[in-house]
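The structure appears right after this line, and notes come after that.
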Amino acid sequence: MITRLSKDESYALLRGSRLARLGCNADGEPYVVPVNYVFDGESFLIHSLPGRKIEAMRADPRVCLQVDEIEDHLNWKSVLAYGTYEEIIGAAERERAMSCLLSLFPQLTPVESLLAADAAAPSPVVFRVRVERVTGVGEG
Numbered sequence: 001m002i003t004r005l006s007k008d009e010s011y012a013l014l015r016g017s018r019l020a021r022l023g024c025n026a027d028g029e030p031y032v033v034p035v036n037y038v039f040d041g042e043s044f045l046i047h048s049l050p051g052r053k054i055e056a057m058r059a060d061p062r063v064c065l066q067v068d069e070i071e072d073h074l075n076w077k078s079v080l081a082y083g084t085y086e087e088i089i090g091a092a093e094r095e096r097a098m099s100c101l102l103s104l105f106p107q108l109t110p111v112e113s114l115l116a117a118d119a120a121a122p123s124p125v126v127f128r129v130r131v132e133r134v135t136g137v138g139e140g
């Protein structure tokens with residue numbers, strides 16, 4: 001039987017996971033992509049190269065993230081977090097956000113180093129999604 005997750009259960013899943021699916025509006029159609037993230041209890045911190053996802057969120061900052069934990073088809077949890085995209089522009093705040101991301105995803109370090117060394121490379125975008133509403137359901 002499918003049941004609602006409590007707020008605490010939903011937030012525990014968001015804090016304990018590292019992979020989400022980010023849904024946004026790209027030129028009037030849904031666009032969903034996987035993203036790695038850090039969740040601080042209020043916002044998701046995410047890092048990306050420019051592209052369709054970033055352009056879509058700049059045009060329409062309303063987004064949602066879906067995070068799940070699946071044991072099998074009868075034992076699972078799924079949480080939807082609705083919020084607003086905000087690019088992190090300031091150097092100090094961007095550095096803090098990247099520090100949080102790099103602490104959980106150290107494999108980003110070589111990529112950041114290569115991009116910094118290549119003047120023609122696109123600058124990575126660091127952004128947050130400020131959470132406004134969370135819903136969760138599960139089975140099993």
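Numbering (my numbering), first residue to last: 1 to 140. Even for Gly, the Cβ is constructed at its ideal location relative to N, Cα and C.
- Between G23 and V63 a beta carbon distance of about 6 Å is seen, short of the 8 Å cut, so the two are scored as contacting.
- With fewer than 16 neighbouring CB atoms inside 10 Å of its own CB, V32 falls in the exposed class.
- DSSP places R18 outside both helix and strand once states are collapsed to three, so it counts as coil.
- The three-state reading of DSSP puts I70 in strand, counting E and B together.
- Bounds of the beta strand (DSSP E) holding I2 are 2-4.
- Straight-line measurement puts the Cα of W76 at about 5 Å from the Cα of E139.
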